[in-house]
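Participant:
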Amino acid sequence: MNKRVLEVTHATMRFGGLVAVNDLSMHIDSQEIVALIGPNGAGKTTAFNMITGVYTPTEGSVILQGRSITGMRPDRIAAAGIARTFQNIRLFKALTVLDNVLIAQHVRLTASWLGAVLRSPRYRKEEARAYERAKELLTYMGLWEVRGEISSSLPYGMQRKLEIARALATQPTLLLLDEPAAGMNPAESAELTELIRGIRDHYHLTVLLIEHHMDVVMDISDRIYVLNYGGLIAEGMPTEIQQNDDVIRAYLGGDDDEA
Numbered sequence: 031m032n033k034r035v036l037e038v039t040h041a042t043m044r045f046g047g048l049v050a051v052n053d054l055s056m057h058i059d060s061q062e063i064v065a066l067i068g069p070n071g072a073g074k075t076t077a078f079n080m081i082t083g084v085y086t087p088t089e090g091s092v093i094l095q096g097r098s099i100t101g102m103r104p105d106r107i108a109a110a111g112i113a114r115t116f117q118n119i120r121l122f123k124a125l126t127v128l129d130n131v132l133i134a135q136h137v138r139l140t141a142s143w144l145g146a147v148l149r150s151p152r153y154r155k156e157e158a159r160a161y162e163r164a165k166e167l168l169t170y171m172g173l174w175e176v177r178g179e180i181s182s183s184l185p186y187g188m189q190r191k192l193e194i195a196r197a198l199a200t201q202p203t204l205l206l207l208d209e210p211a212a213g214m215n216p217a218e219s220a221e222l223t224e225l226i227r228g229i230r231d232h233y234h235l236t237v238l239l240i241e242h243h244m245d246v247v248m249d250i251s252d253r254i255y256v257l258n259y260g261g262l263i264a265e266g267m268p269t270e271i272q273q274n275d276d277v278i279r280a281y282l283g284g285d286d287d288e289a
């Protein structure tokens, strides 16, 4: 039996009179790749924000590996084992590729600020460990040769890879990817699909992604959840989702008044 990594139970998010997510329940087991899809405005990013602590659910709970993280601060949730990328790439654009990955590891550092100032043995040991971790990640992502480049100077596809490397630097159990294939052509999307699958296998990670590229979703996902108007309308394997009438109507439209 696979270990349950994430469980969202009856989660609702209200903003005044607007219900952005309504009674969402979903789960992800260890080393699954699960997609959360739906039309624009369906509530996908709000769901991510509830999982990562940006929003506290109005109702319901979020459980990570058997522990409630509902209402925890985002930095605490990151330390607990959830990392996230964003639809709009968020890098330290004035810093080098290497520095971006080094800085991302601060959630795992235990040396005090005084130890950092005095460069204590403990701090130097952690610094060396962070460097080796960054080197390993950047090598795996094919970015080690450009480690000294300013991140904003990289081509778009490399910036995407760097953002994922930054997320991996926090040593997560669960990796959330928000539209990782946005802005990519079919060849780049296919390469990204293989990269995500490889990351799952190499680092033994569990992955939850939002994605509008249906070829990517259907190729990579073990299971898919579908939101529409904040509510869950379907859950299943890719072949089941492709044939689901509610999903087809949500994406293609339908005339509910038709006789």
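The opening residue of the sequence shown carries number 31 in the working numbering; numbering runs sequentially from there. Backbone N, C-alpha and C fix where the C-beta goes; we use that ideal spot for every residue, glycine too.
(1) At a cut of 8 Å, does the segment 259-277 reach the segment 43-60 through at least three beta carbon pairs?
(2) Could you check what DSSP says for D252 in three-state terms: helix, strand or coil?
(3) Expressed to the nearest angstrom, what Euclidean distance is found between the alpha-carbon atoms of H57 and N79?
(4) Look at the alpha carbon of R253 and the alpha carbon of M214, and state the distance between them as a whole number of angstroms.
(5) Considering only residues of the segment 199-257, which uninterrupted alpha helix (DSSP H) runs meet the minimum length of 4 residues and lie entirely inside it, listed in chain order?
(6) Please state the DSSP three-state secondary structure of A126.
(7) Check this for me: beta carbons of V246 and L192, under 7 Å apart or not?
(8) Taking its Cβ as the centre, do 16 or more other Cβ atoms sit within 10 Å of K74, making it buried, or is it exposed?
(9) Check each candidate in L36, S219, E241 and N274 and name the one with the smallest Cα separation from S91.
(10) Within 10 angstroms of its Cβ, does R97 collect 16 or more other Cβ (buried), or is it exposed?
(11) Taking only three categories from DSSP, how would you classify S183?
(12) For the pair the segment 80-89 and the segment 99-112, tell me if three or more CB-CB distances fall below 8 Å.
(13) Can you grab the Cα-Cα spacing for the pair L125 / Q135, in whole Å?
(14) Whole angstroms are fine: how far does the CA of L204 sit from the CA of G111?
(15) Could you name the residues of the same chain whose beta carbon sits closer than 8 Å to that of H40, not counting the 5 residues immediately before and after it, in chain order?
(16) Assign D231 to one of two classes, buried (16 or more other C-beta atoms within 10 Å of its C-beta) or exposed (fewer than that).
(17) Do P69 and A280 have their C-beta atoms closer together than 7 Å?
(18) Per DSSP, which residues does T39 bridge with? Please list them.
(19) For F122, which residues in the same chain have their Cβ closer than 8 Å to its Cβ, ignoring the five residues on either side in sequence?
(20) Would DSSP call A72 helix, strand or coil?
(21) Reducing DSSP to helix, strand and coil, say where N52 ends up.
(22) Have a look at the DSSP bridge pairing and note the partners of A65.
(23) A72 and P202 - do their beta-carbons sit closer together than 7 Å?
(24) Closest by CA to P268, which one among N274, M248, I278 and V256?
(25) Rounded to whole angstroms, what is the Cα-Cα separation between V277 and A160?
(26) What span of residues does the alpha helix (DSSP H) with E270 cover, start to end?
Facilitator: The answer reads as follows:
(1) Yes, the segment 259-277 touches the segment 43-60.
(2) coil
(3) 16 Å
(4) 23 Å
(5) 216-233 and 244-250
(6) The question names Ala, but residue 126 in the sequence shown is Thr. Here T126 sits in strand by DSSP.
(7) no
(8) buried
(9) L36
(10) exposed
(11) helix
(12) Under the 8 Å Cβ criterion, the segment 80-89 counts as touching the segment 99-112, having at least three qualifying pairs.
(13) 15 Å
(14) 6 Å
(15) D53, L54, S55, E89, G90 and S91
(16) Answer is exposed; the Cβ neighbour count stays below 16.
(17) yes
(18) Answer is S91, bridged to T39.
(19) D129, N130, I133 and S181
(20) coil
(21) strand
(22) According to DSSP, which records beta bridges pairwise, A65 is partnered with L239 and I254.
(23) no
(24) M248
(25) 44 Å
(26) P268 to Q272
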